[in-house]
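For reference, the structure is listed below as structure tokens.
Residue numbers (my numbering): 7 to 277.
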């Protein structure tokens with residue numbers, strides 16, 4: 007070992023360079039002051055790096071399982087002063103004054119802290135399950151999901167692509183109703199149906215007769231506001247056709263009563 011090289015972790019040895027620095031050189035060491043957070047990156051960029059998939063993999067159909075993952079807002083649900091230890095800090099997570107006296111820092115019990123943590127976890131799960139799309143809620147309108155099913159579409163890029171198909175009906179119970187594949191679009195396809203004495207269709211069904219028809223037709227009648235109606239379906243017919251004929255019949259009857267026009271006959275249900 008030469009004199010100009012200090013042995014590591016040996017404070018008793020002083021070489022010429024150490025003596026020139028006053029004997030403090032043995033306390034210094036080489037270090038690189040760098041961090042991952044030196045590069046400013048947003049949360050979206052970090053999540054994109056975690057959930058990203060190459061374009062080639064997407065076209066080849068690889069990584070189908072990873073497509074179900076969604077980014078999470080880790081800042082949501084975080085409150086100042088809250089932690090795993092369960093400390094209560096006045097002014098942060100507890101009020102400063104209580105019953106006329108200034109509160110002092112304290113700590114929750116173990117049982118109480120577990121309840122608070124469990125409630126926060128349940129709340130985060132609910133936030134994750136909520137859809138990001140905001141649906142405008144209309145006044146006095148109700149919605150019913152008639153059918154939800156999985157649909158598959160074969161494309162050239164992604165091969166077999168899975169999606170969700172749903173049939174939703176909306177109505178205000180006062181004659182206005184509509185049906186479409188999504189609730190947001192069903193509000194844009196509303197139809198108004200004239201009712202006789204505000205309880206039945208134009209066929210003048212007896213009061214308190216009830217709804218004696220297909221379950222899908224009953225759902226649509228409740229949204230329209232029809233309380234008494236009879237409809238019969240001959241044979242095994244999908245309820246999509248029943249709903250379509252039910253809506254067409256109410257329109258045809260309205261035209262027949264008011265404009266004296268002859269409607270086109272419908273083969274499935276009749277009133």
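We treat Cβ as the ideally placed atom computed from N, Cα and C, and that holds for glycine.
Return the Cβ separation of residue i and residue j in integer angstroms, given the expectation that the two are a contact with Cβ distance under 8 Å.
i, j, result
"residue 182", "residue 202", "About 16 Å separates the two Cβ atoms, so there is no contact after all."
"residue 152", "residue 237", "Actually they do not touch by this definition, with Cβ atoms about 16 Å apart."
"residue 89", "residue 98", "10 Å between Cβ atoms; not a contact."
"residue 206", "residue 233", "7 Å"
"residue 94", "residue 107", "Rounded, the Cβ-Cβ distance is 15 Å, inconsistent with contact."
"residue 175", "residue 157", "The pair is not a contact, with the Cβ atoms about 19 Å apart (cut-off 8 Å)."
Secondary structure at residue i, three-state DSSP: helix, strand or coil?
i, result
"residue 176", "strand"
"residue 184", "strand"
"residue 157", "strand"
"residue 228", "helix"
"residue 57", "helix"
"residue 130", "helix"
"residue 223", "helix"
"residue 146", "coil"
"residue 217", "strand"
"residue 123", "helix"
"residue 234", "strand"
"residue 49", "helix"
"residue 255", "Because the pLDDT at residue 255 is just 48, under 50, the model does not fix this residue reliably, and the point stays unresolved."
"residue 29", "Because residue 29 carries a pLDDT of 49, less than 50, the predicted location of this residue cannot be relied on, and the following value inherits that uncertainty. The answer is coil: DSSP assigns residue 29 none of H, G, I, E or B."
"residue 72", "Because residue 72 sits at a pLDDT of 49, beneath the cut-off of 50, its placement in the model cannot be relied upon, and the following sentence gives the value as read from the coordinates. Looking at residue 72 - three-state DSSP - the assignment turns out to be helix."
Would you call the CB atoms of residue i and residue j closer than 9 Å?
i, j, result
"residue 122", "residue 92", "yes"
"residue 49", "residue 85", "no"
"residue 110", "residue 96", "yes"
"residue 213", "residue 179", "no"
"residue 173", "residue 184", "no"
"residue 177", "residue 231", "yes"
Can you find a CB in chain B that lies within less than 9 Å of the CB of residue i?
i, result
"residue 182", "Here chain B cannot be found, since the structure has a single protein chain."
Three CB pairs or more closer than 8 Å across the stretch 123-133 and the stretch 146-160: no
contact_flag[the stretch 160-168, the stretch 215-222] where n(CB pairs < 8 Å) is 3 or more: no
Any beta strand (DSSP E) of 3 or more consecutive residues that is wholly inside the stretch 75-121: none
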